[in-house]
Every structure is written in structure tokens, then in C-alpha cells.
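Asks: Residue 64 in the UniProt record's numbering sits at position 64 of the sequence shown, and the numbers go up by one each step. Backbone N, C-alpha and C define an ideal beta-carbon position, used for all residues, glycine too.
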Amino acid sequence: MELRFSPLFSGSSGNATYAGCDGGHLLVDAGVSCSRIKQELERIGVRPETLSGILVTHEHIDHIRGVGVLSRKYDLPVYATPGTWAAMEDKLGGIAAKNIRVFDPAEDFYLGGMNVQAFEIPHDAAQPVGYTLSVAGARLSIATDIGYVRESWLAAVAGSSAVVLESNYDPDMLKAGPYPYALKQRILGRRGHLANADAGRAAVELIRRGARQIVLGHLSKENNFPELAERTCLYELEEAGIVAGEDADIRIARREGLTGMFAVSCFT
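1) Starting from Cys34, trace the alpha helix (DSSP H) in both directions and tell me its first and last residue.
2) Please state the DSSP three-state secondary structure of Thr268.
3) Out of Glu59, Gly68 and Phe262, point me to the one whose CA is closest to Cys34's CA.
4) State the DSSP-derived secondary structure class of Leu183, mapped to helix, strand or coil.
5) Is it buried or exposed, Thr50, if we count other Cβ atoms within 10 angstroms and call 16 or more buried?
6) DSSP state of Asn223, grouped into three classes?
7) Have a look at the DSSP bridge pairing and note the partners of Met114.
8) Would you mind reading off the limits of the beta strand (DSSP E) that contains Pro171?
9) Closer than 8 Å by C-beta to Asp249: which residues in its own chain qualify, once you throw out the five before and the five after it? Chain order, please.
10) So Leu228 and Ala244 are in contact, right, with Cβ under 8 Å, and what is the actual spacing, rounded?
11) DSSP on Arg82, reduced to helix/strand/coil?
12) Out of curiosity, what's the CA-to-CA distance linking Ala182 and Ile207?
13) First and last residue of the beta strand (DSSP E) that includes Ile214?
14) At what residues does the beta strand (DSSP E) containing Tyr18 begin and finish?
15) Going along the chain, which residues of its own chain have a beta-carbon closer than 8 Å to the beta-carbon of Lys91, five neighbours each way excluded?
16) I think Ala19 touches Leu194, with their Cβ atoms under 8 Å apart; what is that distance to the nearest whole Å?
17) Could you pull out every residue in the same chain whose Cβ sits closer than 8 Å to the Cβ of Gly94, ignoring the five residues on either side in sequence?
18) Tell me where the alpha helix (DSSP H) around Tyr74 begins and ends.
19) If you measure between the beta carbons of Ile54 and Leu76, is that distance less than 8 Å?
20) I'd like to confirm the pairing. Which residues does DSSP put opposite Phe103 in its beta bridges?
21) Among the residues of its own chain, which have a CB less than 6 Å from the CB of Ala162, if the five just before and after it don't count?
22) What number of angstroms, rounded off, separates the C-alpha of residue 269 from the C-alpha of Ile37?
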């Protein structure tokens with residue numbers, strides 16, 4: 001059974017990633033409007049009403065903007081940690097009781113034919129998590145909104161052959177840019193976001209632990225651009241003796257609209 005995924009939106013303005021297999025379809029986050037997500041899903045041949053549910057990483061608006069409308073319009077269950085539910089509940093506009101799914105991040109579960117395992121991430125939210133999805137030996141991890149590289153989440157992602165990995169900002173662009181000082185400090189902090197060079201170093205470690213596809217995502221519109229994120233990652237790989245295109249493929253997720261459909265291979 002093949003595991004497939006497609007970043008539909010990936011950036012500071014909104015995030016949503018499709019994942020699916022023969023057993024079902026799901027979304028990780030829905031941070032843009034229902035209508036825009038519907039449009040991108042239909043471009044890959046998926047009807048919103050066929051989704052098995054929405055997995056929410058955390059309560060920031062660029063991850064939950066469309067969650068409430070999608071759930072109400074298509075009768076979709078929404079999965080989140082207890083802390084995330086408490087922090088986002090009043091932002092969703094009401095969810096049917098049967099569709100409120102609160103889970104313990106220490107316990108895995110099955111959704112749409114896929115095994116779902118959450119892992120803690122360092123970010124300034126109530127109880128934020130990333131997700132590892134697996135089916136028939138194929139593993140995909142979504143690791144964005146991460147303040148810094150640490151062993152706990154690297155270990156959780158290890159063995160995933162495909163990873164959507166945050167590469168949010170270039171430090172020089174951020175420091176010279178128009179953001180208020182407090183926001184710059186938040187982004188730079190250990191519960192903020194991952195800089196390009198840190199993402200590159202994380203990619204090196206993940207490739208050493210089995211990753212064969214790295215999709216750099218959640219790029220800041222104001223403090224980054226795709227060519228810089230890619231070039232920085234490729235430099236870190238080259239320094240580590242990893243050959244892009246042979247040892248692993250590196251792609252950049254688009255901020256607006258789907259990046260493409262990817263198939264996840266089994267880790268061997």
C-alpha cells in the first residue's frame with residue numbers, strides 16, 4: 001500500500017498538508033480558508049468529504065484558519081492534543097461533539113488506514129506536536145514550527161523516508177527586516193522557528209537516519225525566499241558529504257498552492 005503526500009500550502013500565511021493511502025485521506029492542519037483547501041484537494045483528485053479527519057499541530061491561526069468550516073461543512077473529525085484543543089476551541093466557531101477528538105500524544109492511533117504518532121516540538125504554543133504517519137513500512141514526518149534542533153524530535157522522526165521540514169527564515173533578513181523587535185526575538189528564540197542553516201543541519205542528520213526525501217517548508221514570505229533556503233540546505237549537505245539527488249532529494253514547498261504529489265518509499 002503506497003503512502004502519498006502533498007503540501008497544499010506551506011508558509012507563515014497558512015499551512016495544510018494532504019496525506020493519503022488506499023485506506024483513506026487526511027489533512028495535517030488547515031490554515032487557509034475552506035474554499036482554498038477544497039480547490040487544492042480537488043486538483044489532486046481528493047474530495048473534502050472523503051477525508052478521514054484533520055490532524056492539528058497547534059492553535060496558531062496559520063494552522064487552524066479553515067478547520068472549523070471544513071469540519072462543519074464536511075462532517076470531519078478534528079484531532080488535537082488536550083492543550084491545543086483548550087487553546088483553539090473558541091477560535092473554531094463550534095465543532096460537533098462527535099467530531100472533537102482529543103488524543104494523548106504519547107499514544108499512537110489509526111486514521112484513514114495510516115498509523116499516526118505525534119511527537120512534541122519546541123514552539124510557543126500550548127501543546128504543539130509534529131506527526132509521523134506510516135503505512136506498510138513507509139513513513140512520513142511533518143516537522144514544522146520548531147524553535148531549534150534537539151534530539152527528542154530528531155529521534156521521533158528518524159526512520160522516516162520523507163520529511164516535511166521547516167526552513168523558516170534567514171537570520172540576516174530577519175534582523176534587517178521590518179518586524180517589531182519583540183517578534184524578531186520570538187522567531188529567533190528556542191520556541192520560535194527554524195533558520196535555514198539549522199534546517200540544513202537537521203536535514204543532514206535525518207538523511208543519515210534514513211530520510212530520502214526532504215521537503216523544506218513553512219518559509220517566511222518576509223524573511224526568506226525559496227532559492228536561499230534551498231542553497232543553504234544544499235551547502236550543509238555538501239559539507240557533510242551528502243550528495244543531493246543521489247543520497248536524498250531536496251524540494252521546496254510552495255507557500256501558495258500544492259507543490260506536487262510525492263510517494264513515500266519504505267525505509268530499508
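Replies: Straight from the coordinates:
1) For the purposes of this step, residue 34 is taken as the residue at position 34 of the sequence shown. Segment Cys34 to Arg43, the alpha helix (DSSP H) holding Cys34.
2) Taking the first residue of the sequence shown as 1, we reach residue 268 at position 268. Note that Thr268 scores 46 on pLDDT, short of 50, meaning its location in the model is unreliable and no value can be drawn from it.
3) Within the sequence shown, numbered from 1, the residue matching residue 34 stands at position 34. Among Glu59, Gly68 and Phe262, the Cα nearest to that of Cys34 belongs to Gly68.
4) Numbered from 1 along the sequence shown, position 183 holds the residue referred to as residue 183. Three-state DSSP puts Leu183 in a helix.
5) Start at 1 with the first residue of the sequence shown, and residue 50 comes out as number 50. With fewer than 16 other Cβ atoms within 10 Å, it is exposed.
6) As a first step, residue 223 must be located in the sequence shown, where it is residue number 223. The answer is coil: DSSP assigns Asn223 none of H, G, I, E or B.
7) Working through the sequence shown from its first residue, we reach residue 114 at position 114. According to DSSP, Met114 bridges with Leu111.
8) Here residue 171 is taken as the residue at index 171 of the sequence shown, counted from 1. From DSSP, Pro171 is part of no beta strand (DSSP E) but of the alpha helix (DSSP H) over Pro171 to Ala176.
9) The residue you call residue 249 lines up with position 249 of the sequence shown. Excluding sequence neighbours, Asp249 sits near Arg212, Gln213 and Ile214.
10) Residue numbering aside, residue 228 sits at position 228 when the sequence shown is read from its first letter. Residue numbering aside, residue 244 sits at position 244 when the sequence shown is read from its first letter. So it is not a contact: roughly 16 Å between Cβ atoms.
11) Residue 82 sits at position 82 when you count from the first residue of the sequence shown. One detail in the question is off: residue 82 reads as Pro in this sequence, not Arg. Of the three classes helix, strand and coil, the one that applies to Pro82 here is helix, per DSSP.
12) Against the sequence shown, residue 182 aligns to sequence position 182. Against the sequence shown, residue 207 aligns to sequence position 207. Computed Cα separation, rounded: 34 Å.
13) In the sequence shown, the residue the question calls residue 214 occupies position 214. It spans Gln213 to Gly217 - the beta strand (DSSP E) in which Ile214 sits, taken as one unbroken run.
14) Counted from its first residue, the sequence shown places residue 18 at position 18. Counting along the chain, the beta strand (DSSP E) containing Tyr18 begins and ends at Gly14 to Cys21.
15) In the sequence shown, counting from the first residue as 1, residue 91 sits at position 91. The residues are Glu59, Ile61, Ile64 and Gly68.
16) Within the sequence shown, numbered from 1, the residue matching residue 19 stands at position 19. Within the sequence shown, numbered from 1, the residue matching residue 194 stands at position 194. Actually they do not touch by this definition, with Cβ atoms about 21 Å apart.
17) Counting from 1 along the sequence shown, the entry for residue 94 is found at position 94. If we look at Gly94 and ignore the five residues flanking it on each side, its Cβ neighbours are Gly68 and Arg72.
18) Walking along the sequence shown from the start, residue 74 turns up at place 74. Per DSSP, Tyr74 belongs to the alpha helix (DSSP H) from Val67 to Tyr74.
19) Position 54 of the sequence shown, counting from 1, holds the residue named residue 54. Position 76 of the sequence shown, counting from 1, holds the residue named residue 76. Yes, these two residues count as a Cβ contact at 8 Å.
20) Here residue 103 corresponds to residue number 103 of the sequence shown, with the count starting at 1. Answer is none; Phe103 lacks a bridge partner.
21) Start at 1 with the first residue of the sequence shown, and residue 162 comes out as number 162. Once the five neighbours on either side are set aside, the close Cβ partners of Ala162 are Leu140, Gln213 and Val264.
22) The structure shown does not extend to residue 269, since the chain spans only 1 to 268, so no value can be given for it.
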